[in-house]
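**Student:** Have a look at the structure that comes next, please.
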Ligand code: FDA
């Protein structure tokens, strides 16, 4: 109920206008968001790298409303590759397709994405296309496939959500195509005809899909994290849930799957202890580092995931 309300609020313009004016909201959001500028984000990545943790940078923004804004968002992404190279930090890039125009015009989005992937290819980077809510899944996977077919670049990966019924079939097909997958539970409120309503089912689906990704990777020769830390292994498990991580590690041990052929991913500001523990044990770990001024929907989804975050926000609001 509370989660549904917060996810509704994450898309409500009136709520965004109200909340982003509150300085306390910005303060609480700063736990998750690296800052407003690319320099802020590079600083956070550098600190992570010192601990042996890689990153993926995300310039916040989604559902752009005009071709000009989609173009500007594309330019912002292009800038990231140069900044990463110049700073010599270990990070690749994550983007949302509605940020670069998917909701406006698929051809405009394809043009923007092709430019981004060309730059990724030239700079030896990698682009992970984030997954948005279920109406976007076919379009997002279709766009990633179109890029691989027309440009032939390997350096693009996708995200699959364990809450969706369709995900097993998607992972099977992506395995045949050799497209790298980040597995997450799913951050959006989905209708009961497309997604598991119960958390326990989302969790067991996550465990099943983890095993399937590991099996797919074996069939592809267990590609490991690249030496420069940029190109991820085939399966990237994005979760802070220790039971899910334990399941993955148990399966890798049972099947003698190489430690460097799997990556654990977490969000900036969440479970730093677990990030460091896994990195110290020798697993590739990557932290998702978002930055920029469009932090409202991202922040509200983080509140929705954990009621304690909301209470923390409210108590700060009354303390200000
Ligand atoms: P779960 O929600 O069960 O949480 C497990 C434990 O983790 C909690 O008990 C708590 O300790 C901690 N935790 C989780 N969320 C927290 C929070 N917000 N604040 C504090 N503690 C928290 N989703 C999507 O739909 N599309 C995408 O492209 C991505 N991309 C993505 C990348 C990366 C690197 C990560 C880690 C996550 C995503 N997600 C995503 C979000 C994902 O779908 C999911 O909503 C969150 O990761 C929370 O789910 P957990 O797997 O952590 O489990």
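Numbering (the numbering used here), first residue to last: 5 to 324.
C-beta: ideal position from N, C-alpha, C; glycine also.
Inspect the CB distances between the stretch 297-309 and the stretch 42-60 and report whether three or more fall short of 8 Å.
**Tutor:** Result no; under three Cβ-Cβ pairs closer than 8 Å.
**Student:** I'd like to know if the stretch 226-239 and the stretch 181-193 are in contact, where contact means that at least 3 CB-CB pairs between them fall below 8 Å.
**Tutor:** yes
**Student:** Could you tell me how far apart the beta carbons of residue 104 and residue 77 are, in whole angstroms, since I believe they sit closer than 8 Å?
**Tutor:** Taking the first residue of the chain shown as position 1, residue 104 is located at position 100. Taking the first residue of the chain shown as position 1, residue 77 is located at position 73. Correct: roughly 5 Å between the Cβ atoms.
**Student:** Over what stretch of residues does the beta strand (DSSP E) that includes residue 267 continue unbroken?
**Tutor:** The count along the chain shown starts at 1 and reaches residue 267 at position 263. Run containing residue 267: 267-271, per the beta strand (DSSP E) assignment.
**Student:** Grab me the residues of residue 4's own chain with a C-beta within less than 6 Å of its C-beta, minus the 5 sequence neighbours each way, in chain order.
**Tutor:** Because residue 4 is not part of the residues shown, which for the chain are 5 to 324, the question remains open.
**Student:** Use the C-beta contact count for residue 279: other C-beta atoms within 10 angstroms, 16 or more gives buried, fewer gives exposed.
**Tutor:** Position 275 of the chain shown, counted from the start, is the residue given in the question as residue 279. Burial of residue 279 is indicated by the presence of at least 16 other C-beta atoms within 10 angstroms of its C-beta.
**Student:** Using 8 Å as the threshold, is the C-beta distance between residue 165 and residue 146 below it?
**Tutor:** Position 161 of the chain shown, counted from the start, is the residue given in the question as residue 165. Position 142 of the chain shown, counted from the start, is the residue given in the question as residue 146. Against a cut-off of 8 Å, the Cβ pair of residue 146 and residue 165 comes out as no contact.
**Student:** Taking C-alpha atoms, which residue in 202, 209, 201 and 264 lies nearest to residue 228?
**Tutor:** Position 224 of the chain shown, counted from the start, is the residue given in the question as residue 228. If we check each option's Cα against that of residue 228, 264 comes out closest.
**Student:** Taking the alpha-carbon of residue 129 as reference, which of 109, 93 and 187 has the nearest alpha-carbon?
**Tutor:** As a working mapping, residue 129 is identified with position 125 in the chain shown. The option with the nearest alpha carbon to residue 129 is 93.
**Student:** Could you give the DSSP three-state label for residue 219: helix, strand or coil?
**Tutor:** Taking the chain shown and counting its residues from 1, the one referred to as residue 219 is at position 215. Looking at residue 219 - three-state DSSP - the assignment turns out to be helix.
**Student:** Decide yes or no for the touch test of the stretch 202-216 against the stretch 62-81: beta carbon pairs closer than 8 Å, at least 3 of them.
**Tutor:** no
**Student:** Could you tell me if residue 257 is buried or exposed, where buried requires 16 or more neighbouring beta carbons within 10 angstroms of its beta carbon?
**Tutor:** Taking the first residue of the chain shown as 1, we reach residue 257 at position 253. The residue in question, residue 257, is exposed, as its Cβ has fewer than 16 Cβ neighbours within 10 Å.
**Student:** Is residue 32 helix, strand or coil when you go by DSSP?
**Tutor:** Residue mapping note: residue 32 aligns to position 28 of the chain shown, counting from 1. The answer is helix: DSSP assigns residue 32 an H, G or I state.
**Student:** Which ranges does the beta strand (DSSP E) cover as unbroken runs of at least 3 residues, wholly within the stretch 27-84, from first to last along the chain?
**Tutor:** 58-63
**Student:** Where DSSP assigns a beta bridge to residue 192, which residues make up the other side?
**Tutor:** The count along the chain shown starts at 1 and reaches residue 192 at position 188. Looking at the DSSP assignment, residue 192 forms no beta bridge with any residue, so it has no partner.
**Student:** For the alpha helix (DSSP H) that residue 179 lies in, which residues bound it at each end?
**Tutor:** Position 175 of the chain shown, counted from the first residue, corresponds to residue 179. That run of the alpha helix (DSSP H) goes 171-181.
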